[in-house]
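Everything in the sequence shown is counted per the numbering used here, starting at 439 for the first residue and increasing by one. Positions of the beta carbon are idealized from the N, C-alpha and C atoms, including for glycine. As the structure is a prediction and not an experimental result, all values here were calculated from the model.
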Amino acid sequence: MLVHRDEQLAHLRWAFHACEKHGHGQVALVTGAVGSGKTQVLETFGEWATTAGGQVLSAAGSRAEQGLHFGVLGQLLHSARLKSDGVREVEELIREVALAVPTAEARSGAAPEILAEALTADGLWAPLLRTAFDTFLTLANRGPLVLAVDDLQHTDAASLHCLLYVTRRLRNARIMVLLSEATTLRPAHPLFHAELRSLPRFTRVTLPLLTVDSVSRLLGEEAGAHAGHGTEAAAPDVHEEARRILRVTGGNPLLTQALVDERAHRGTNSAPDGGARAGDTFERAVLDCLYRHEPGVRLVAQALAALDRPASPELLGQLLDVLPDSTVPAVRVLEGAGLVHAGRLRHPRILLAVRSDMPAEEQRRLHQRAAEVLHENGAEASVVAEHLVASAWTDAAWVVPVLRDAAAHALSTGRPDHAAACLRLGGRAETDKDRRNSLMAMLITARWQVNPLAVTGQVSQLVEAARSDESSHSTAVSAVPYLLWQGRAEEAAEAISGCGADDHGPASHELRLIRLLIALSHPDYLGAVREDPGSWMRAATATNSGSPLLQAVSVLGNALMPTGGVDIVAAAEQLLERHHLDSGSLGLLTAPLLALLCAGPSDRVVAWGERLLARQGVQHIPAWRGVIRAIHAEATLRLGDLDAAERGARLALEDLPAPAWGVAVGGPLGTLITCTTESGRLFEAERWLSQPVPAGVFRTPVGAHYLIARGRHHLATGQHQAAAADLHRSGELVRSWGIDVAGLFPWRLEQARVQLGLGNATRATQLLREQLQVSRGLDDRTRGRALRLLASTATPVLRRKLLSKAVTVLQACSDQHELARALSDTSQTLPQAGESRRARLFVRANQLAQGSGRAAALPQQMMQRRAATGGATPTASSPSDASSDGFETRDQDGLLSEAERRVAVLAARGRTNRQISNELYITVSTVEQHLTRVYRKLDVKSRTDLPNRLMALAEPMA
């Protein structure tokens, strides 16, 4: 498709009309970069000239046939529609003259003036030139004659001499000579061009690269083939798309058309503006451009592809071992073709195409040479290392130090994948044992951030290396975090048992950090750090901490073991604010984020989690991204948003599969189990419970969190003894460790729910009062939940007061889930005279329940409450938390059976009959029978009426 060439075609048509009207010959030269559409212009003009009464003889030069004398002239004659006697005579003369040309000159493609001298001496030129011109004049008698020659730069010298002869004699001939030529490294046929420019009727037509408007027209024409409306409304989108395409192609028509064709084939509205993408059409177009240039241009393009950064002529010259000035024309040609911009290949897809055409050995050679040249010129280590890794070359003594420096920089900027590549290569080349162990430690750090499963074997190697060399304390210390992640606490403690450090300095900071990390992750070792609390507690609030990592972990330690001397929220947020923009700091920031979660303000955890997950480059660190997502999901759960919490926890397990989490897997699994249990999807919760967890999980605080989640599920399924056992075990663990933080481990509250389910209100009351009296870490959410449950065991008057407090507290902590429950309970305590207020509270509770992801739960709960109390207001002997807290109360009025109620609630939630049958493990036929009876009992005609009917039945009878 020809676009943005109207002006150029108009010039050519004017020249044709002038030739036709005045009988004066015209010469036009069309120039432009490779792929700029010169051939299309010649073809389009030729078609138009034919319809305008002219005759067109066409030919094209070729690099392969440049040594074939009279090749282009022969093409012109062959394209004549009728073979006249003159044409046959010229063809015969061509054969005779060609035989007289010396073989060596034929092979080399001598210049026109050299051939002219050789053939004139033999008297062979004159008859051929006269006969050829007379033949063209004869053909022009029928109408204006157009001699169109494409790719003039590849035309053979003999044909060029003939064309010059013709152009000199066009003054009174109705002949138009139309030539096209691509930009080359050096001017092709300079004497030929000098004579052309001296002609009186010579026109030069240049084809520029495409603009935004011309690409927009092209896109509009493509879109017009599929839709005939909405063009004006879509104009801004089309212009933006055109700009994106120009950023990829530089306006080269060949590349632009290839990209538009790909876009049409994909059926999308977006151009590949970002990273490299596969696509044969565009890549083939790029290679077509390169192979239509001289080999020297292609070599410079390959050098630029190897460098992948702006390159000066000096750098290119050193890389290709040529004079720097000789690379300047090649870069200029590539810029004119739209392939290069600002000294580098314009787009990753162009780079990918060029590299795909290079043999692997040639790529390695160029990368090795690039590494050497860049190192000699003082380039940054990360830049040099990129080429060292690509070439796998390590022969020079300077290579390993450069790779180490580049790896350290990559780790500090959040690119562990780059660091791992450098360290793998450096480790193979390093011969010193201590330095090799140091590189292995760095490699473990890098690979763990990408995939913790990948470092298991290397961690063991590092531990063995530390054992065999007692003096290598740094090697031992570096293995500790990964041993702890795998649950190997004894090995971690052993690794640092022989380490000693001064009271001050980096070594002291590192050792205190590691000891605190062991104790916090495996609280069996907390005794050691409690003996000297001043060694780490002060670091949490130090203004100029020598170790940000120690400060971060100290804040977490104060959150798990609060003493009242540190404002955990302020200290954690100060750290987050100070370092959240630092490159490579995501691991450091997980500690204050987790401390913030322990301290209670879940809304702040959610806000900070979103900021950290939105950071640029976080996609390169799946391990830390997964940890941040797991903490964010738990905080979202505490705000009552079950759907968002479940999505976040699922994403955390997508970032890292469950086996890669080590002993930390209890975190995201516990959140998912709680979300699915609270949403009533008990079978799905059981699927998460079936995920194996390492035994070491239950030696960590995460294990206590997991036990509480599992206990809640046991309670929801009526397994009261199993629930009590899990919750008791969780409580025993956190009390024995001395980290009984109420907001983090509300085991008493959950145990109280179990006791209520067993009908033991006295024991439940005792547990709830203990929960409210725990001084460490009692956050508003836990306090509000405890008050709501305590209300279910109180007298009616006290119950209303407790629920009022619970509502106030839960509103303050923004837990929509628990607030909905508290409002629902409150609506049931109002006397009959407060019917309208009760209705308002119920509607508000239902709205909150819908927002928290449990829209159908309230009708189910309230039906059970009404059934349990015979329509009366619940009292201390009729706990109001039956269904919502995991134990079930049978319908005493016989309205719906238990099986019918389960089917009705699931149908009200929008489940299909097949989904209900799968979830309840009954047949579809049984589901249909239950629904038939439910419709009859509730007097409804379809499942769409069920939600409102269930809500109506939740109200006490008037």
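(request) Could I get the ranges of all uninterrupted alpha helix (DSSP H) runs contained in the stretch 731 to 769, with 4 residues as the minimum, in chain order? (result) 733 to 745 and 751 to 758
(request) Name the one or two DSSP bridge partners that A497 has. (result) V587
(message) Below 8 Å on the Cβ atoms is my contact criterion, and I expect H1017 with G852 to pass it. Report the Cβ-Cβ distance as a whole number of Å.
(response) That belief does not hold up - the Cβ atoms of H1017 and G852 are roughly 12 Å apart, past 8 Å.
(request) May I ask you to report which of helix, strand or coil DSSP gives H779? (result) strand
(request) Buried or exposed for S906, please, with buried defined as at least 16 other CB atoms from any protein chain shown within 10 angstroms of its CB. (result) exposed
(request) Taking the CB atoms as reference points, tell me whether L998 and L1182 lie closer together than 9 Å. (result) yes
(request) Please work out which residues of its chain come closer than 6 Å, Cβ to Cβ, to S1468, disregarding the five sequence neighbours upstream and downstream, and give them in chain order. (result) The structure shown does not extend to residue 1468, since the chain is modelled only from 439 through 1396, so no value can be given for it.
(message) I need the DSSP call for I934, collapsed to helix, strand or coil.
(response) coil
(request) Have a look at D1377 and T1350 and give me their C-alpha separation to the nearest angstrom. (result) 20 Å
(message) So, for G713: in the same chain, excluding its five sequence neighbours on each side, which residues have a beta-carbon less than 8 Å away from its beta-carbon?
(response) Per-residue confidence for G713 stands at a pLDDT of 48, beneath the threshold of 50, marking its modelled position as unreliable; no derived number is given.
(request) With distances taken Cα to Cα, identify the nearest neighbour of L511 among S597, G864, Q591 and Y963. (result) S597
(request) Please name the residue, chosen from E773, H1151, V897 and L1035, that lies closest to R1125 on a Cα-to-Cα basis. (result) H1151
(request) Sort H460, S618, G688 and D444 by Cα distance to A497 and report the nearest one. (result) S618
(request) Kindly indicate the opening and closing residues of the alpha helix (DSSP H) around L1051. (result) S1040 to L1051
(request) May I ask you to report which of helix, strand or coil DSSP gives G1181? (result) coil
(request) Give the secondary structure of I613 by DSSP, where H, G and I count as helix, E and B as strand, and everything else as coil. (result) strand
(request) State the DSSP-derived secondary structure class of E619, mapped to helix, strand or coil. (result) strand
(request) Measure the CB-CB distance between A830 and L757 and report whether it falls below 9 Å. (result) no
(request) Starting from the C-beta of A1098, find all residues in its chain whose C-beta is less than 6 Å away, skip the five residues before and the five after it, and write them out in chain order. (result) P890 and L891
(message) With the cut-off set at 9 Å, would you say Q464 and F454 are in Cβ contact?
(response) yes
(request) Identify whether G1134 lies in helix, strand or coil by the three-state DSSP scheme. (result) helix
(request) Using alpha carbons as the reference points, say which of V587, C457 and H462 lies closest to L514. (result) V587
(request) State the CB to CB distance for the pair A1133 and L1094, rounded to an integer number of angstroms; the pair is presumed to be in contact (CB under 8 Å). (result) In fact, because the Cβ distance is near 20 Å, the residues do not count as touching under 8 Å.
(request) Decide if A448 is buried, meaning its Cβ has at least 16 other Cβ atoms within 10 Å, or exposed. (result) exposed
(message) Please give the ranges of any alpha helix (DSSP H) in the stretch 1207 to 1274, keeping only runs that are unbroken, at least 4 residues long and fully inside the region.
(response) 1218 to 1229, 1234 to 1251 and 1254 to 1267
(message) For F571, count the other beta carbons within 10 Å of its own beta carbon; 16 or more makes it buried, fewer makes it exposed. Which is it?
(response) buried
(request) May I ask which residues mark the beginning and end of the beta strand (DSSP E) holding D469? (result) Note on residue identity: the sequence assigns Thr, not Asp, to residue 469. Per DSSP, T469 belongs to the beta strand (DSSP E) from Q464 to G470.
(request) Determine the direct distance from the alpha carbon of G865 to that of A858, and round the result to whole angstroms. (result) 10 Å
(request) State the DSSP-derived secondary structure class of T641, mapped to helix, strand or coil. (result) strand
(request) Report, in whole angstroms, the separation of the C-beta atoms of Q924 and T894, which I expect to be a contact under 8 Å. (result) 7 Å
(message) By alpha-carbon positions, which one of T489, L1050, R1214 and L1165 ends up nearest to G1003?
(response) R1214
(message) Rounded to whole angstroms, what is the Cα-Cα separation between R451 and G734?
(response) 36 Å
(message) Less than 9 Å between the beta carbons of I934 and L958, yes or no?
(response) no
(message) Mapping the DSSP letters down to three states, classify M999 as helix, strand or coil.
(response) coil
(request) Counting only runs of 4+ residues fully inside the stretch 870 to 895, write out the alpha helix (DSSP H) ranges in chain order. (result) 871 to 888
(request) Could you tell me whether the stretch 762 to 776 touches the stretch 608 to 627, using the rule of 3 or more Cβ pairs below 8 Å? (result) yes
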